[in-house]
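Comments concern the structure below.
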Amino acid sequence: MLNEWKRCKKGDEFCPVSFKKYGPFFWIPFMLSGIAAIVINYIFHSPLLLALYAYPVVLLSLIRVKNSLFALLGVVLLGTLILTRAPDHTLLSVIAAYAVLMAIVRRVVWISIRNYNGKNEQEDLLLNTVFSLAKTIDARDPYTAYHSSNVADYAKSIAREMGLSEKEIDSIYLAGLIHDIGKISMPDSILQKEGRLTEEEYTIMKKHPDEGYRIIKDIKRLQELGITDMVLYHHERPDGKGYPKGLKGDAIPLGALILGVADAYDAMTTNRSYRQKLAVETAANELTRNIGTQFDPIAANTLIQILIREGKLQKEDKSVVTSPLSLAN
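So the number in the numbering used here is just where the residue sits in the sequence shown, counting from 1, plus 609.
See the structure below:
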């Protein structure tokens with residue numbers, strides 16, 4: 610795992626010294642039966658997460674509430690505190706790694722957007738940051754490699770075909786790149802599971818839009834572009850049976866509806882751990898069959914029109930709805 614917990618009795622001088630070969634660490638004693646905690650981040654085999662070197666996580670305290678043990682974690686240099694249930698040190702290591710990653714994500718995006726000298730530089734920084742986040746998300750699940758960029762591309766094509774403004778198209782594209790950013794907080798046991806999720810696991814997975822919104826909600830520029838809402842609502846459905854809020858119809862931002870169509874189409878046409886990818890014709894039929902319930906009619910029919918024009922789908926007697934709408938809806 611990315612983090613290894615080493616424990617020793619308070620006052621054992623050899624502890625910090627013996628672990629220096631592993632890289633940066635932070636050692637802090639705390640009052641619990643004379644035990645001190647050391648958290649070491651050593652990322653020799655993961656260049657993608659090399660930034661974790663600079664941000665060790667420390668176990669500040671253990672708190673017992675009735676029969677449950679909670680750990681108070683601190684992300685050094687980022688000023689982030691995390692209180693989490695702590696049944697064992699192995700789980701704490703996993704949580705510590707995610708805590709650092711989420712803290713870095715928020716800090717990097719915030720700094721990138723804050724430190725700009727002009728509109729072009731700002732947009733370049735934002736785009737580069739979003740690309741990096743998208744790669745981080747996709748890298749955690751071997752079955753969804755390139756999913757974020759695929760969804761962004763499909764969504765951009767749909768938005769352009771619908772006649773939206775360039776600003777709206779760019780916003781939808783960026784939202785597509787980070788629509789699953791909340792999956793950073795999902796455990797590997799669920800995200801990388803071979804086979805279908807259980808009902809309990811699916812309930813946990815459905816929290817990723819809320820988690821994604823929580824990570825980026827304080828970034829003003831993403832708010833202004835409507836990206837925070839698109840990330841939060843990309844699993845909402847026109848019939849009100851989506852999640853996390855159960856919004857219905859016009860209450861759902863158009864960008865989120867477009868992402869919903871793009872997300873579903875890419876999921877159907879790529880291999881997953883529990884099934885092979887579906888043919889384009891089968892996926893298109895699923896879109897058509899669920900128009901008005903799961904999928905927005907304009908967005909779904911627009912994607913079908915694009916697939917026909919690109920020669921990926923045979924033209925059939927389908928009515929294609931195309932009319933420009935505003936993201937303000």
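Backbone N, C-alpha and C define an ideal beta-carbon position, used for all residues, glycine too.
Selection from Y822, I799, A871 and A888 that minimises the alpha carbon distance to T592: Nothing about residue 592 can be reported from this structure: the residues present for the chain run from 610 to 938 only.
If we call anything under 8 Å between Cβ atoms a contact, is T897 one with I913? yes
Neighbourhood of P656 by C-beta, 8 Å cutoff - its chain only, sequence neighbours within 5 removed: Its pLDDT being 32, under 50, P656 is placed unreliably in this model, and the value from its coordinates should be taken loosely. Contacts found: none.
Quick one: what's I900 bridged to in DSSP? F904
Assign R881 to one of three DSSP states: helix, strand, or coil. R881 falls in the strand class under three-state DSSP.
Starting from the Cα of Y822, find the closest Cα among R830, I836, E810 and M814 and give me that residue. I836
Report the three-state DSSP secondary structure of R807 (helix, strand or coil). Contrary to the premise, residue 807 reads as Thr rather than Arg in this sequence. In the structure shown, T807 sits in coil (DSSP, three-state: anything other than H, G, I, E or B).
Start-to-end residues for the alpha helix (DSSP H) that takes in R823: H817 to I825
Other residues of its chain near I778: CB distance less than 8 Å, five sequence neighbours each side excluded: K765, A768 and R769
Can you tell me which of the three DSSP states H756 falls into? helix
Applying the 10 Å Cβ sphere with the 16-neighbour rule, what's the burial state of D872? buried
Using three-state DSSP, classify A888 as helix, strand or coil. coil
So, with DSSP's three-state summary, where would you put D838? D838 falls in the helix class under three-state DSSP.
Assuming H788 and L868 make a contact with CB atoms under 8 Å, what is their CB distance in whole Å? 5 Å
Suppose contacts are defined by Cβ-Cβ distances below 8 Å. Is S882 in contact with L834 by that definition? no
Where K857 and E820 are concerned, what is the direct C-alpha to C-alpha distance, given to the nearest angstrom? 21 Å
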